[in-house]
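With the numbering used here, letter number 20 in the sequence shown gets 26, and the count goes up by one each step, no holes.
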Amino acid sequence: MVNSTQFAERLEKILDYYGVSATAFSETIDMNRSTISHLLSGRNKPSLDFILKVIQHYPEVDLYWFLNGKGKFPSTPSTPLSADTLDKPEKKQSVPAVEAKPSSESTETPLPASDSDKNIDRIVVFYSDGSFKSYEN
């Protein structure tokens, strides 16, 4: 069961982290300002719709932390996003092309007979900050 007082403190922490007012927050997640006010005062408990909208619009908010206070916030170490940043389209990372060196001799090692019918399905690149990028065929 969600403790209203502790939930209000976590909601306040989210507002502070993103640097938004309760009004701007309510507009971002498309909820009434009074709903946010009642949650902040501890009068009401959060609805499932409210929780899902917050998680959708603020990806650093960990669901388990938001509901129970266990876990961490922000869930990923990154720069806080403001409401206006969320409206901007995300830039896609491009994969640099690898140029093949022309050679008269092949430098590839032949695959064992059992691996010759295998194809690469996915390549995952892990970064030093703990993030990763997956490239699928």
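All C-beta atoms in this analysis are idealised placements derived from N, C-alpha and C, irrespective of residue type, glycine included.
**Report entry** Proximity to E66 [Cα-Cα], best of K139, K76, P80 and S137
**Finding:** P80
Query raised in the report: Which partner residues of Y134 appear in the DSSP bridge assignment?
Result: The sequence shown places Ser at residue 134, rather than the Tyr named in the question. Paired residues: none, contrary to the question.
Query raised in the report: In whole angstroms, what separates the C-alpha of Q12 from that of E33?
Result: 23 Å
Requested in this report: From the DSSP output, in three-state form, read off S140 for me.
Outcome: strand
Query raised in the report: Between K124 and V130, what straight-line distance do the alpha-carbon atoms span, to the nearest angstrom?
Result: 17 Å
Report task. Assign R16 to one of three DSSP states: helix, strand, or coil. Result -> helix
**Report entry** Whether I35 touches H63 by CB criterion (8 Å)
**Finding:** yes
**Report entry** Which residues DSSP lists as bridging I145, in chain order
**Finding:** There is simply no residue 145 to check, as the chain begins at 7 and stops at 143 in what is shown.
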